[in-house]
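Comments concern the structure below.
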């Protein structure tokens, strides 16, 4: 089970659609926590992906900030149910 993280870097890979490579990309762009991702617009997420090249453009970040918000607030059961129902 995940716990609320007080570290400056959270595991962004708990967000459906974010793997290790995208996590590194977001860390490089100073999005290192669930809080910072939750405050990021979908357009900003997409611009980061687009700037990284063709391999990343195919990913759809439309649900990433919402999932990050659930993680940041510690709503793990809600997050798991949401992920199960939407993926």
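In our numbering, the protein residues as written are -3 to 83. Glycine included, every Cβ here is placed at the ideal spot set by N, Cα and C. Source: prediction; values computed, not measured.
Neighbourhood of residue i by C-beta distance below 7 angstroms, restricted to the same chain and skipping five residues each side
| i | result |
| --- | --- |
| residue 60 | 11, 13, 14, 33, 41 |
| residue 83 | 12 |
| residue 9 | 15, 16, 19 |
Inter-residue spacing [alpha-carbon to alpha-carbon] between residue i and residue j
| i | j | result |
| --- | --- | --- |
| residue 27 | residue 49 | 18 angstroms |
| residue 7 | residue 16 | 9 angstroms |
| residue 85 | residue 24 | The displayed coordinates of the chain run from -3 to 83. Any statement about residue 85 would go beyond what the structure contains. |
| residue 35 | residue 69 | 12 angstroms |
| residue 66 | residue 72 | 7 angstroms |
| residue 31 | residue 47 | 22 angstroms |
| residue 43 | residue 81 | 27 angstroms |
Cβ shell of residue i (< 8 angstroms), same chain only, five flanking positions each side left out
| i | result |
| --- | --- |
| residue 45 | 18, 21, 52, 53, 55, 57 |
| residue 74 | 66 |
| residue 37 | 61 |
Buried or exposed (CB count within 10 angstroms, at least 16 for buried), residue i
| i | result |
| --- | --- |
| residue 29 | buried |
Contact under 9 angstroms by Cβ, residue i with residue j
| i | j | result |
| --- | --- | --- |
| residue 39 | residue 63 | no |
Beta-carbon proximity list for residue i, same chain, < 6 angstroms, skipping 5 on both sides
| i | result |
| --- | --- |
| residue 5 | 28 |
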